[in-house]
Amino acid sequence: MCSTGPATLEAALDELSSERLDGLFGPALIEREAQLIVAANRLAAELARTTRQCELAGAADVDGKASMAAWLRGHARFSASAASALVRNGRALEQLPVLAAAFAAGAVSAEAVAAIAPVVAPANVAAAEASGVDLAQIDELLTEVAAGAFHADLRKAVAHYLERLDPDGPEPDPTEQRSFTLVKHADGSVSGRFELDAVGGEKAQAAIESIVQANRPAGDTRTRAQQQGDAFVQLCDNQLAAGTLPTLRTVKPHVVVTIPLEDLVGSDTSPATADLGFGATISAARARWLACDGNVTRIVIGPEGQPLDLGRSHRVVPHPLRRVIEHRDHHCVFAGCDAPSYWCDVHHLIHWAHGGETEPGNLALLCERHHTKVHHGFRIERSPDGRWHTYRPDDTEILLLPAISADMARARTG
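Residues 193 to 606 in our numbering are what the sequence shown lists, from first letter to last.
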């Protein structure tokens with residue numbers, strides 16, 4: 193079996209990969225997809241079983257590794273989490289024969305096995321024995337859920353079982369389940385990860401979703417992930433603008449941008465020109481946009497490195513004047529956008545660094561998304577009749593569809 197099995201499997205995979213797919217229609221493709229999923233599950237089950245046997249036999253020591261998890265990371269280039277999950281699955285299947293059989297038949301996935309694996313963690317097995325729980329029955333029930341229900345339902349079933357093992361235990365401290373990490377990259381961009389308890393996660397989802405649902409313009413091509421990313425930044429903008437956050441190093445939290453004078457008054461978009469307070473570098477165009485409005489302190493540096501202007505530690509547009517602009521514009525003035533005023537910056541049509549006055553005729557409300565667009569080629573203008581016009585980078589105007597009354601609609605449909 194060992195001598196022919198891998199070779200036979202490799203030949204079957206070679207045959208599969210040589211098949212042409214571009215001539216297949218939907219039904220045939222879906223049938224192929226379903227068969228491959230079953231085969232992938234069966235192969236994953238065999239991998240987990242072999243990994244467990246390797247662990248029992250101490251096979252990793254052959255290559256000088258202390259554990260199978262270490263071997264998987266070093267030889268198979270697995271991530272630490274993937275290696276640990278495979279090892280856990282192998283151990284769990286040894287104690288859950290019904291689940292192991294379903295996995296071997298391709299009826300459940302490796303992800304489902306990983307969701308059930310905590311059931312046979314030593315502490316949980318001991319708690320089940322102390323409570324008189326029949327683990328064999330739990331094996332059957334959870335396998336049935338894994339094979340016939342959505343994955344979210346399986347996770348809920350496992351969580352419910354584990355909670356019932358100790359119904360009178362102490363309520364866990366939710367703060368112990370929370371973490372938030374940020375990693376800054378060389379270009380100043382940031383990626384991160386967070387873990388929240390159920391209540392904390394509900395609060396975060398409610399806040400993000402409220403902004404996502406309030407900003408869904410027609411023709412929006414952003415992915416769900418992009419929408420939530422924009423909503424997260426908007427949530428931060430709202431909090432910074434509210435002025436209610438705790439002080440940071442004795443001052444209210446705000447954005448600091450340091451930029452040489454020639455770059456501030458110029459028109460190029462050279463990268464790595466301005467420095468932000470937490471160490472990131474941004475382009476000159478981005479710095480000019482930031483300095484337009486908001487809780488931003490600008491530090492303008494002269495040709496010999498001397499600070500020429502320490503900007504303002506309050507809004508570029510004073511509060512009374514902002515209220516005037518909000519009363520006039522009501523919302524973002526970019527064509528087709530109705531983002532509310534409290535989401536908006538006050539944009540200088542002619543940048544103040546180029547002599548633009550901070551007065552109503554030179555100011556307009558723009559949401560964060562469209563403020564960025566205006567600083568990257570789009571243009572807005574206000575006509576003498578008070579109407580705003582938006583122009584693309586090629587100077588063509590963005591025109592909205594004309595409003596059609598009910599009578600006109602009935603006349604058109606005849």
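Backbone N, C-alpha and C fix where the C-beta goes; we use that ideal spot for every residue, glycine too.
Alpha carbon to alpha carbon, how far is A556 from S533?
Walking along the sequence shown from the start, residue 556 turns up at place 364. Walking along the sequence shown from the start, residue 533 turns up at place 341. Those two C-alpha atoms are separated by around 10 Å.
How many angstroms separate the CA atom of R241 from the CA atom of G282?
Sequence index remark: in the sequence shown, residue 241 carries index 49 (1-based). Sequence index remark: in the sequence shown, residue 282 carries index 90 (1-based). If you take the alpha carbons of R241 and G282, they lie about 5 Å apart.
When the Cα atoms are used, what is the spatial distance from C559 to C529?
Stepping through the sequence shown from its first residue, residue 559 is reached at position 367. Stepping through the sequence shown from its first residue, residue 529 is reached at position 337. In this model, C559 and C529 are separated by some 9 Å (Cα to Cα).
Buried or exposed for V382, going by 16 or more other Cβ atoms inside 10 Å?
The residue you call residue 382 lines up with position 190 of the sequence shown. Classification for V382: exposed.
Three-state class that DSSP yields for I590 in the structure shown:
In the sequence shown, residue 590 corresponds to position 398, counting from 1. It is coil, neither helix nor strand.
What do you reckon, is the C-beta of Y583 under 7 Å from a heavy atom of the ligand GDP?
Ligands displayed in this structure: none; no statement on the ligand GDP is therefore possible.
If you pair each beta-carbon of the stretch 203 to 217 with each one of the stretch 258 to 277, do three or more pairs fall below 8 Å?
no
Does the distance from the C-beta atom of L278 to that of A319 stay below 8 Å?
Here the question's residue 278 lines up with position 86 in the sequence shown. Here the question's residue 319 lines up with position 127 in the sequence shown. Not in contact: L278 and A319 (Cβ atoms no closer than 8 Å).
With 16 other Cβ atoms within 10 Å as the buried cut-off, status of H506
Position 314 of the sequence shown, counted from the start, is the residue given in the question as residue 506. Any answer about H506 is weak, because its pLDDT of 36 lies below 50 and its placement is not dependable; what the coordinates show is given next. Exposed, by the Cβ-count rule.
Going by DSSP, what residue range makes up the alpha helix (DSSP H) through V525?
Your numbering for residue 525 matches position 333 in the sequence shown. Segment: none, V525 is in no alpha helix (DSSP H) and carries neither H nor E.
Using the Cβ count rule (16 or more neighbours within 10 Å means buried), how would you classify H511?
Counting from one through the sequence shown, the residue named residue 511 turns up at place 319. By the 10 Å Cβ count, H511 comes out exposed.
What residue from H567, H543, H522 has the CA that sits closest to W181's CA?
A query on residue 181 cannot be resolved here, the shown segment of the chain reaching from 193 to 606 and no further.
Span of the beta strand (DSSP E), counted from its first residue to its last, around T582
Here the question's residue 582 lines up with position 390 in the sequence shown. Counted as a single uninterrupted DSSP element, the beta strand (DSSP E) harbouring T582 occupies residues 580 to 583.
Throw me the rounded Cβ distance for the L427 and A398 pair, which I believe falls under 8 Å.
In the sequence shown, the residue the question calls residue 427 occupies position 235. In the sequence shown, the residue the question calls residue 398 occupies position 206. That belief does not hold up - the Cβ atoms of L427 and A398 are roughly 11 Å apart, past 8 Å.
Taking all protein chains shown into account, decide if V230 is buried (16 or more other Cβ within 10 angstroms of its Cβ) or exposed.
To locate residue 230, count along the sequence shown from 1; it is residue 38. V230 should be labelled exposed.
Cβ separation of A284 and V312, assumed to be a contact under 8 Å, to the nearest whole Å
Within the sequence shown, the letter at position 92 stands for residue 284. Within the sequence shown, the letter at position 120 stands for residue 312. The Cβ separation is near 5 Å, so the contact holds.
Do you know whose CA, among A268, G411, D577, Q369, lies nearest G392's CA?
The residue given as residue 392 occupies position 200 in the sequence shown. For the residues A268, G411, D577, Q369, the minimum Cα distance to G392 belongs to Q369.
Pull up the DSSP beta-bridge partners for S371, would you.
On the sequence shown, position 179 is the one that residue 371 refers to. For S371, which the question treats as bridged, DSSP gives the partners E387.
How many Å lie between E387 and L592 at the Cα?
Here residue 387 refers to the residue found at position 195 when the sequence shown is read from its first residue. Here residue 592 refers to the residue found at position 400 when the sequence shown is read from its first residue. E387 and L592: Cα-Cα distance of roughly 43 Å.
Which word fits A244, buried or exposed, when buried means at least 16 other C-beta atoms lie within 10 angstroms of its C-beta?
Here residue 244 refers to the residue found at position 52 of the sequence shown. Reading off the sequence shown, one finds Arg at residue 244, where the question assumed Ala. R244 is buried by the Cβ-count criterion.
Which residue spans inside the stretch 302 to 367 form an unbroken alpha helix (DSSP H) run of at least 4?
Within the stretch 302 to 367, the complete alpha helix (DSSP H) segments at least 4 residues long are 302 to 308, 314 to 322, 327 to 340, 343 to 357, listed from N- to C-terminus.
C-alpha distance - Y353 paired with G298, whole-angstrom precision
Looking up residue 353 in the sequence shown gives position 161. Looking up residue 298 in the sequence shown gives position 106. Cα-Cα distance, rounded: 25 Å.
CA nearest to the CA of L541, picked from E336, A434, F570
Residue numbering aside, residue 541 sits at position 349 when the sequence shown is read from its first letter. If we check each option's Cα against that of L541, F570 comes out closest.
When we look at the beta-carbon of H343 and count the other beta-carbons within 10 Å, is it buried (16 or more) or exposed?
Taking the first residue of the sequence shown as position 1, residue 343 is located at position 151. If you draw a 10 Å sphere on the C-beta of H343, you find fewer than 16 other C-beta atoms in it, and that means exposed.
Best match in R269, K257, T550, Q405 for proximity to Q419 [C-alpha to C-alpha]
One-based indexing of the sequence shown puts residue 419 at position 227. That would be Q405, whose Cα lies nearest to the Cα of Q419.
Just to confirm my understanding: we take G486, look at its own chain, exclude 5 residues before and 5 after, and list those with CB closer than 6 Å. What are they?
Taking the first residue of the sequence shown as 1, we reach residue 486 at position 294. With a pLDDT of 45 at G486, under the threshold of 50, the modelled position of that residue is not reliable, and no figure is offered here.
Rounded to whole angstroms, what is the Cα-Cα separation between H563 and H539?
Taking the sequence shown and counting its residues from 1, one reaches residue 563 at position 371. Taking the sequence shown and counting its residues from 1, one reaches residue 539 at position 347. C-alpha separation (whole angstroms): 7 Å.
What does the alpha-carbon distance come out to for the pair N407 and T582?
Residue numbering aside, residue 407 sits at position 215 when the sequence shown is read from its first letter. Residue numbering aside, residue 582 sits at position 390 when the sequence shown is read from its first letter. Answer to the nearest angstrom: the Cα atoms are 19 Å apart.
Assigned exposure category for A315 - 16 Cβ within 10 Å defines buried
Sequence index remark: in the sequence shown, residue 315 carries index 123 (1-based). Classification of A315: exposed, given that the 10 Å Cβ count is below 16.
By how many angstroms is the C-alpha of I403 removed from the C-alpha of D389?
To locate residue 389, count along the sequence shown from 1; it is residue 197. To locate residue 403, count along the sequence shown from 1; it is residue 211. Roughly 22 Å between the two C-alpha positions.
Comparing C-alpha positions only, which one of V290, A322, D587, E321 sits nearest to I308?
Numbered from its first residue, the sequence shown carries residue 308 at position 116. Check the Cα spacing between I308 and each of V290, A322, D587, E321: the tightest is with V290.
Would you mind working out which of F372, A322, A302 sits nearest L346, comparing C-alpha positions?
Your numbering for residue 346 matches position 154 in the sequence shown. Of the candidates F372, A322, A302, the one whose C-alpha sits nearest the C-alpha of L346 is A302.
Does P219 come out as helix, strand or coil in the three-state DSSP assignment?
As a first step, residue 219 must be located in the sequence shown, where it is residue number 27. The answer is helix: DSSP assigns P219 an H, G or I state.
State the start and end residues of the unbroken beta strand (DSSP E) segment that holds D537.
Within the sequence shown, residue 537 is the residue found at index 345, counting from 1. Taken as a continuous stretch (DSSP letters only), the beta strand (DSSP E) holding D537 covers 536 to 540.
Here's the rule I'm using: 16 or more other beta-carbon atoms within 10 Å means buried, otherwise exposed. How should G411 be labelled?
In the sequence shown, counting from the first residue as 1, residue 411 sits at position 219. Burial call: exposed.
Under the three-state DSSP convention, the category C529 falls into
Working through the sequence shown from its first residue, we reach residue 529 at position 337. Coil, per DSSP.
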